[in-house]
Amino acid sequence: MEKIFTAQAKAKGGRDGQVTTANNVLTVDLSTPKEMGGPGKAGATNPEQLFAAGYAACFEGALGVAARQAQVKLEGVTVEAFIGFGKAEDGGYGISADLHVNIPGVEQAQAEQLVEAAHGICPYSRATKGNIEVTLNTTTNA
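Counted from 1, the sequence shown has number 122 at position 100 by this note's numbering; the numbering is strictly sequential.
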């Protein structure tokens with residue numbers, strides 16, 4: 023792969039610390055959710071939420087590429103990512119991803135084709151392929 027951009031962030035304090043990007047645009051406090059045995063501090067996020075935000079944004083960008091390639095104009099698209107966290111069969115931990123993609127104004131079959139194409143384009147989808155369970159849910163609600 024020929025790198026054209028490198029994002030950089032630094033974590034200090036693990037799941038109950040802080041993350042800051044190299045350009046200082048994003049600084050967030052982290053807190054392990056109560057469901058995972060942590061304090062679940064108000065106003066803090068966690069790695070799974072950050073992953074969900076990145077995956078959703080990236081997937082919508084890939085969907086735009088897929089639509090341009092298919093010469094389809096999209097408006098009002100939303101992508102919502104649900105990142106699950108749990109125990110893996112080997113005793114470690116794992117994540118799963120459920121992507122809910124809504125493409126208003128497009129027939130269901132075409133929307134599903136665009137989502138599948140985006141799944142092949144999106145760097146997050148490509149990175150997770152074969153590593154975690156990813157479920158795609160496509161709707162065409164206005």
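Every residue, glycine too, gets a C-beta built ideally from N, C-alpha and C.
Does residue i pass the burial test, meaning 16 or more other C-beta atoms within 10 Å, or should it be called exposed?
| i | result |
| --- | --- |
| T160 | buried |
| F27 | exposed |
| A110 | exposed |
| A75 | exposed |
| E82 | buried |
| A89 | buried |
| A92 | exposed |
| A164 | exposed |
Go through its chain and collect everything with a Cβ distance to residue i's Cβ below 8 Å, but skip five positions before and after it.
| i | result |
| --- | --- |
| T67 | V50, D51, L52, S53 |
| G62 | S53, T54, P55, K56 |
| Y115 | F107, G108, K109 |
| Q40 | A33, K34, T49, V50, D51, L52 |
Check whether the Cβ atoms of residue i and residue j lie closer than 7 Å to each other.
| i | j | result |
| --- | --- | --- |
| T157 | D120 | yes |
| F73 | I125 | no |
| I143 | A84 | yes |
| A103 | A78 | yes |
Pick from the options: whose alpha carbon is nearest that of residue i?
| i | options | result |
| --- | --- | --- |
| G86 | A133, Q40, T43 | A133 |
| K32 | N153, A79, V47 | V47 |
| G59 | T42, G152, F107 | F107 |
| T162 | I117, G65, Q135 | Q135 |
| G35 | G127, E97, P69, G113 | P69 |
| S118 | G152, K25, R37 | G152 |
In chain order, what residues of the same chain lie with their CB nearer than 6 Å to the CB of residue i, ignoring the 5 residues before and after it?
| i | result |
| --- | --- |
| V123 | V101, V137, T160 |
| Q30 | A44 |
| E129 | none |
| T42 | K32, T49 |
| Y146 | Y77, C80 |
| G98 | P126 |
Cβ-heavy atom distance between residue i and the ligand FAD below 6 Å?
| i | result |
| --- | --- |
| D120 | In the structure on display, the ligand FAD does not appear, and there are no ligands present to speak of. |
Quick one: complete beta strand (DSSP E) runs, 3+ long, within the stretch 112-158? 115-124
Segments of 3+ residues assigned as beta strand (DSSP E) that fall wholly inside the stretch 30-104: 31-34, 40-43, 49-51
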